[in-house]
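Student: Structure in structure tokens, see below.
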Amino acid sequence: MIETTREITSAPERKLLPPATPPPPRSHKKLWLLILAAAAIAVAILWSHTGNSASASAKSAKGGRKGAAAVTPVVAVQATRGNIGVFVSGLGAITPLKTVTVRSRVDGQLMAVHFKEGDYVTEGDPLVDIDPRPYRATLEQAQGQLARDQALLENSRVDLQRYQTLISENAIPQQQVATQESTVKQYEGTVKNDQGMVDAATLNVNFCHITSPISGIVGLRLVDPGNIVHATDANGLIVVAQDQPISAIFTISEDQLPTLLPKIRADQKLAVEAWDREMKNKLSEGEFSNIDNEIDQTTGTVKIRAVFPNSKRTLFPNQFVNARLLLQEKQNVTLLATAAIQRNTNNTYVFLIQPNNTVTIRNITIGTTEGEQSEITGGLMPGDKVVMTGVDKLQEGSKVNPTLSGEAKTTGES
């Protein structure tokens, strides 16, 4: 027992290693496995729910075997029977039938103005007065000269009668009678010349009082009172333009003449409309008046004049207008709102609403188009309903819930 103890004591000392890290408990591994399993289950549930929703949406969009088809609300319009006009349009300007630049026919000082700028004057109304005194003095001189020469003429005629009596009694020579006859003719010529001087002076006095030569609107005053005016002045005193009635001169293509000329030669009354620059407001209605006698070769157009009563003075001289000449009015044709007509590269068509509220694509033929209405020459009948608003969601056989255009407006207003 003692030897054994020694051996152990004498043996070299061994270095002791630190103890190894103990492995994690088995309970921690189970916790991590449970977390991963729960996450996988959550992802699977989420994926299943999303797929089912997408599938349900797709089935709902397509209608499915058991689901009802989608119904598209649309605004419809009905084809009607009515009249439509065939118009020829052209650009033009309002031109007064009469425009007068009032000028002075005598020289003198402008004394008075009897109008206001922009006033409407009638023919014969006073406009301006020029100082008449110099011309009255000239008139009096001419009248005095005429009176003197008339007295001389009367005296020479009395002498001629006396000489003719004496020549019958052979109391005077024939030469004396002939001389007296020449004297009478000379005084007659002088009196006639004096009468002309009186008439000319009277005219000059009358020219000092200037009246309106036509009925119309006066423009801006060009000369103020107190100025000296002359008959040779380049500018006038005032411009008067007739505006009731008034005309419009516009151009149409020469290609329209074969249709227009027979109606003109038959003296048919052709209506003409005047519209504003943007073709939004109708300004006035008138009638065709006449056509120019030649075609403008540079533009291939011909000028047309139309006359308008202009009772409300909506037309103004030199105003730009769009003129529309009515060539023909088609009656009892099928009409449809232009907004309901669809077009592609090959066809013109509409979405026709069937009695079961499904739509079918119907090709149509268009005739005359006027404003918001179009003539349908083929493909539709009066009473047919077509889709006007909502066509971007439609295809052949689509189910719709139509509302007529007039009913939609009434609902919106209420």
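First residue of the sequence shown: 21, per my numbering; consecutive thereafter. Cβ coordinates follow ideal geometry from the N, Cα and C atoms, glycine included.
Comparing alpha-carbon positions, which option in Val259, Val292, Val94 and Ala99 lies nearest Gly398?
Tutor: Ala99
Student: According to DSSP, is Glu160 part of a helix, a strand, or is it coil?
Tutor: helix
Student: Just checking my contact of Pro265 with Pro329 at CB under 8 Å: how many whole Å lie between their CB atoms?
Tutor: 5 Å
Student: Measuring only between beta-carbons, confirm whether Glu137 sits less than 7 Å from chain D.
Tutor: Looking at the structure shown, chain D is missing, and only one protein chain is on hand.
Student: Less than 7 Å between the beta carbons of Gly128 and Thr231, yes or no?
Tutor: no
Student: Go ahead and pull the three-state DSSP assignment for Pro245.
Tutor: coil
Student: With distance defined between alpha-carbon atoms, name the residue in Ser273, Thr378 and Ala251 nearest to Val406.
Tutor: Thr378
Student: Could you check the C-alpha separation between Leu303 and Val120 for me, to the nearest Å?
Tutor: 25 Å
Student: Can you list, in chain order, the residues of its chain whose CB lies under 7 Å from that of Val327, leaving out five sequence neighbours each side?
Tutor: Pro265, Ser267, Gly306, Glu307 and Ser309
Student: Assuming Ile258 and Arg241 are in contact, meaning their beta carbons sit under 8 Å apart, how far apart are those beta carbons, in whole angstroms?
Tutor: Separation of the CB atoms of Ile258 and Arg241 is rounded to 6 Å, and the pair is thereby assigned contact status at 8 Å.
Student: Could you tell me if Ile55 is buried or exposed, where buried requires 16 or more neighbouring beta carbons within 10 angstroms of its beta carbon?
Tutor: exposed
Student: Given 8 Å as the limit, is there contact between the region 148-166 and the region 273-280, that is, 3 or more CB pairs closer than that?
Tutor: Taking 8 Å as the limit for Cβ pairs, the verdict is that the region 273-280 does not touch the region 148-166.
Student: Give me the Cα-Cα distance between Gly83 and Gly387, rounded to the nearest whole angstrom.
Tutor: The predicted position of Gly83 is uncertain, since its pLDDT is 45 and thus under 50; no value can be drawn from it.
Student: In the DSSP assignment, find the beta strand (DSSP E) that holds Asp219 and state where it starts and stops.
Tutor: First-last for Asp219: Gln194 to Phe227, but that is the alpha helix (DSSP H), not the beta strand (DSSP E).
Student: Which complete alpha helix (DSSP H) runs does the region 230-292 hold, if anything under 4 residues is left out?
Tutor: 277-285
Student: Mind the definition here: the region 201-218 touches the region 161-180 only if three or more C-beta pairs lie below 8 Å; say whether that holds.
Tutor: Note that the region 201-218 touches the region 161-180; at least 3 beta-carbon pairs, one per stretch, sit closer than 8 Å.
Student: Going by DSSP in three states, Gly71 sits in which element: helix, strand or coil?
Tutor: Any reading at Gly71 must be qualified, since the residue scores a pLDDT of 47, below 50, and its modelled position is unreliable; the value itself is stated next. In this structure, Gly71 counts as helix in the three-state DSSP scheme.
Student: According to DSSP, simplified to helix, strand and coil, what is Gln98?
Tutor: strand
Student: Assuming Pro422 and Ala96 form a contact by the criterion Cβ under 8 Å, report the distance between their Cβ atoms to the nearest whole angstrom.
Tutor: 4 Å
Student: Could you give the distance in angstroms between the alpha-carbon of His134 and the alpha-carbon of Val243?
Tutor: 13 Å
Student: Using 8 Å for Cβ pairs, my map puts Ser394 next to Leu356. What's the rounded Cβ distance?
Tutor: Contact between Ser394 and Leu356 holds, with the beta-carbon distance rounding to 6 Å and staying under 8 Å.
Student: Using 7 Å as the threshold, is the C-beta distance between Ile269 and Lys323 below it?
Tutor: Yes.
Student: Is the beta carbon of Val94 sitting closer than 7 Å to the one on Val420?
Tutor: Contact flag set, yes.
Student: Quick one: any contact between the region 216-233 and the region 194-201, if contact means 3 or more CB pairs under 8 Å?
Tutor: no
Student: Using the rule of at least 16 other Cβ atoms within 10 Å of the residue's Cβ for burial, across every protein chain shown, is Val298 buried or exposed?
Tutor: In the sequence as displayed, the identity of residue 298 is Glu instead of Val. Classification of Glu298: exposed, given that the 10 Å Cβ count is below 16.
Student: Check the C-beta distance from Thr92 over to Lys413 and give it rounded, since I have them as a contact under 8 Å.
Tutor: 5 Å
Student: Using the C-alpha atoms, what's the distance from Gly236 back to Lys136?
Tutor: 13 Å
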